[in-house]
Amino acid sequence: MENSKTSLLKLLVALNTKVYISICNLCLYTKLTQHLPLSKLYPLLVSNIWWEIISIDFIVKLPKSTSFDIIMIVINSMSKKTHFISTYTTVTTESTVRLFFWKLYVLPTYVILDRKLQFVTHFTKKLYHMLEIKIASSITWYS
(Lines of atoms letter the chains of each structure in order from A and count residues from 1; the text may use other names and numbers.)
(Lines give C-alpha, C1' and ligand atoms only; values in the text may rest on other atoms or scores of the structure.)
Protein backbone atom coordinates (compact mmCIF):
# COMPACT_ATOMS: atom_id res chain seq x y z
CA MET A 1 0.00 0.00 0.00
CA GLU A 2 2.80 2.42 0.95
CA ASN A 3 4.61 1.75 -2.32
CA SER A 4 1.54 2.59 -4.44
CA LYS A 5 1.03 5.82 -2.46
CA THR A 6 4.60 6.97 -3.12
CA SER A 7 4.39 6.11 -6.80
CA LEU A 8 1.05 7.97 -7.05
CA LEU A 9 2.56 10.95 -5.22
CA LYS A 10 5.59 10.95 -7.55
CA LEU A 11 3.27 10.82 -10.55
CA LEU A 12 1.19 13.76 -9.26
CA VAL A 13 4.32 15.81 -8.52
CA ALA A 14 5.67 15.07 -12.01
CA LEU A 15 2.39 16.08 -13.68
CA ASN A 16 2.06 19.20 -11.53
CA THR A 17 5.66 20.20 -12.36
CA LYS A 18 5.07 19.63 -16.08
CA VAL A 19 1.91 21.80 -16.06
CA TYR A 20 3.63 24.55 -14.03
CA ILE A 21 6.64 24.67 -16.37
CA SER A 22 4.37 24.84 -19.43
CA ILE A 23 2.67 28.05 -18.18
CA CYS A 24 5.52 29.75 -16.27
CA ASN A 25 6.85 32.77 -18.26
CA LEU A 26 10.33 32.59 -16.73
CA CYS A 27 10.54 28.86 -17.48
CA LEU A 28 9.47 29.41 -21.08
CA TYR A 29 12.00 32.21 -21.72
CA THR A 30 14.96 30.43 -20.11
CA LYS A 31 14.21 27.00 -21.55
CA LEU A 32 17.00 25.64 -23.72
CA THR A 33 16.08 24.53 -27.21
CA GLN A 34 16.17 20.78 -27.73
CA HIS A 35 16.91 20.78 -31.46
CA LEU A 36 20.13 20.40 -33.41
CA PRO A 37 22.01 23.51 -34.60
CA LEU A 38 20.35 25.07 -37.63
CA SER A 39 23.43 24.68 -39.82
CA LYS A 40 26.85 23.11 -39.64
CA LEU A 41 29.25 25.07 -37.46
CA TYR A 42 32.71 25.80 -38.80
CA PRO A 43 35.70 27.06 -36.82
CA LEU A 44 36.97 30.53 -37.63
CA LEU A 45 40.06 30.82 -39.78
CA VAL A 46 43.43 31.15 -38.08
CA SER A 47 46.30 33.07 -39.63
CA ASN A 48 50.05 33.32 -39.06
CA ILE A 49 50.16 36.87 -40.41
CA TRP A 50 49.28 39.89 -38.24
CA TRP A 51 45.99 41.57 -39.13
CA GLU A 52 45.28 39.22 -42.05
CA ILE A 53 42.04 38.00 -40.46
CA ILE A 54 40.06 40.40 -38.31
CA SER A 55 36.69 40.49 -36.59
CA ILE A 56 34.62 43.64 -36.23
CA ASP A 57 31.86 43.94 -33.67
CA PHE A 58 29.91 46.72 -31.97
CA ILE A 59 28.93 47.22 -28.35
CA VAL A 60 25.72 49.26 -28.51
CA LYS A 61 23.28 51.05 -26.20
CA LEU A 62 25.97 52.29 -23.83
CA PRO A 63 25.42 55.28 -21.54
CA LYS A 64 26.64 58.44 -23.27
CA SER A 65 30.11 59.61 -22.36
CA THR A 66 31.34 62.69 -24.21
CA SER A 67 28.50 61.97 -26.69
CA PHE A 68 29.85 58.52 -27.69
CA ASP A 69 27.43 55.64 -27.19
CA ILE A 70 28.88 52.80 -29.28
CA ILE A 71 32.25 51.08 -29.22
CA MET A 72 33.52 49.47 -32.41
CA ILE A 73 35.85 46.58 -31.63
CA VAL A 74 38.39 45.32 -34.16
CA ILE A 75 40.12 42.07 -33.18
CA ASN A 76 43.20 40.52 -34.75
CA SER A 77 42.43 36.80 -35.03
CA MET A 78 46.06 35.74 -34.71
CA SER A 79 47.12 37.58 -31.56
CA LYS A 80 43.69 38.59 -30.17
CA LYS A 81 44.98 42.16 -30.03
CA THR A 82 42.04 44.55 -30.03
CA HIS A 83 41.31 48.14 -30.91
CA PHE A 84 38.38 49.87 -29.22
CA ILE A 85 37.03 52.79 -31.23
CA SER A 86 34.40 55.09 -29.70
CA THR A 87 31.70 56.26 -32.05
CA TYR A 88 28.03 57.28 -32.30
CA THR A 89 24.75 55.48 -32.86
CA THR A 90 24.30 57.39 -36.11
CA VAL A 91 27.57 56.07 -37.58
CA THR A 92 27.19 55.17 -41.25
CA THR A 93 28.86 52.36 -43.13
CA GLU A 94 31.21 54.84 -44.78
CA SER A 95 32.16 56.25 -41.37
CA THR A 96 32.78 52.74 -40.11
CA VAL A 97 35.20 52.10 -42.97
CA ARG A 98 36.96 55.44 -42.29
CA LEU A 99 37.26 54.63 -38.57
CA PHE A 100 38.63 51.24 -39.49
CA PHE A 101 41.43 52.68 -41.66
CA TRP A 102 42.09 55.61 -39.34
CA LYS A 103 42.90 53.22 -36.51
CA LEU A 104 44.50 50.26 -38.30
CA TYR A 105 46.17 51.32 -41.56
CA VAL A 106 45.91 47.74 -42.85
CA LEU A 107 43.94 45.85 -45.46
CA PRO A 108 43.04 42.41 -44.13
CA THR A 109 42.41 39.36 -46.28
CA TYR A 110 39.33 38.31 -44.28
CA VAL A 111 36.89 40.46 -42.31
CA ILE A 112 34.46 38.66 -40.01
CA LEU A 113 31.29 40.65 -39.30
CA ASP A 114 28.28 39.41 -37.38
CA ARG A 115 26.01 42.14 -38.69
CA LYS A 116 23.20 41.77 -41.19
CA LEU A 117 24.02 41.01 -44.80
CA GLN A 118 23.02 44.54 -45.87
CA PHE A 119 25.68 46.07 -43.58
CA VAL A 120 28.34 43.67 -44.87
CA THR A 121 27.44 44.54 -48.46
CA HIS A 122 27.55 48.30 -47.81
CA PHE A 123 30.81 47.94 -45.84
CA THR A 124 32.43 46.06 -48.74
CA LYS A 125 31.19 48.57 -51.34
CA LYS A 126 32.44 51.56 -49.32
CA LEU A 127 35.76 49.81 -48.73
CA TYR A 128 36.17 49.20 -52.46
CA HIS A 129 35.16 52.79 -53.21
CA MET A 130 37.73 54.19 -50.77
CA LEU A 131 40.45 51.96 -52.22
CA GLU A 132 39.34 52.91 -55.75
CA ILE A 133 38.58 49.29 -56.66
CA LYS A 134 36.04 49.11 -59.44
CA ILE A 135 33.36 46.43 -59.22
CA ALA A 136 32.49 44.94 -62.61
CA SER A 137 29.85 42.27 -62.28
CA SER A 138 29.11 39.81 -65.03
CA ILE A 139 25.59 38.46 -64.83
CA THR A 140 24.30 36.01 -67.38
CA TRP A 141 20.61 35.25 -67.64
CA TYR A 142 19.71 31.62 -68.27
CA SER A 143 16.21 30.87 -69.49
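Residue numbering for the sequence shown follows the numbering used here, starting at 25 and increasing by one per position.
Every residue gets a Cβ at the ideal spot worked out from N, C-alpha and C, and that includes glycine.
Model, not experiment: these values are computed from the prediction.
Whole-angstrom Cβ separation of residue i and residue j, contact assumed at under 8 Å?
| i | j | result |
| --- | --- | --- |
| threonine 111 | isoleucine 94 | 5 Å |
| isoleucine 99 | isoleucine 78 | 6 Å |
| isoleucine 136 | leucine 68 | 7 Å |
Does DSSP put residue i in a helix, in a strand, or in coil?
| i | result |
| --- | --- |
| asparagine 72 | coil |
| valine 121 | helix |
| leucine 62 | coil |
| serine 103 | coil |
| serine 46 | helix |
| threonine 145 | helix |
| serine 31 | helix |
| leucine 137 | strand |
In whole angstroms, give me the CA-to-CA distance for residue i and residue j.
| i | j | result |
| --- | --- | --- |
| lysine 127 | lysine 85 | 22 Å |
| histidine 107 | aspartate 81 | 11 Å |
| aspartate 138 | valine 144 | 9 Å |
| cysteine 48 | lysine 149 | 47 Å |
| lysine 140 | tyrosine 44 | 38 Å |
| lysine 64 | serine 101 | 21 Å |
| glutamate 118 | threonine 54 | 38 Å |
| lysine 104 | valine 37 | 50 Å |
| isoleucine 157 | threonine 113 | 28 Å |
| lysine 42 | serine 28 | 21 Å |
| tyrosine 66 | leucine 33 | 48 Å |
| tyrosine 134 | glutamine 142 | 18 Å |
| asparagine 72 | threonine 116 | 32 Å |
| leucine 191 | proline 87 | The structure shown has nothing for residue 191, since the chain only spans 25 to 167. |
| threonine 30 | glutamine 58 | 31 Å |
Quick one: residues in its chain with C-beta nearer than 7 Å to the C-beta of residue i, no 5 flanking neighbours on either side, listed in chain order?
| i | result |
| --- | --- |
| leucine 123 | Met96, Ile109, Thr111 |
For residue i, which residues of its own chain have a beta-carbon under 6 Å away from its beta-carbon, when the five flanking residues on both sides are left out?
| i | result |
| --- | --- |
| leucine 151 | Val121 |
| phenylalanine 92 | Ser110 |
| tryptophan 75 | Asn100, Val130, Pro132 |
Counting only the same chain and skipping the five closest in sequence on each side, list residues whose C-beta sits under 8 Å from that of residue i.
| i | result |
| --- | --- |
| cysteine 51 | Tyr44, Ile45 |
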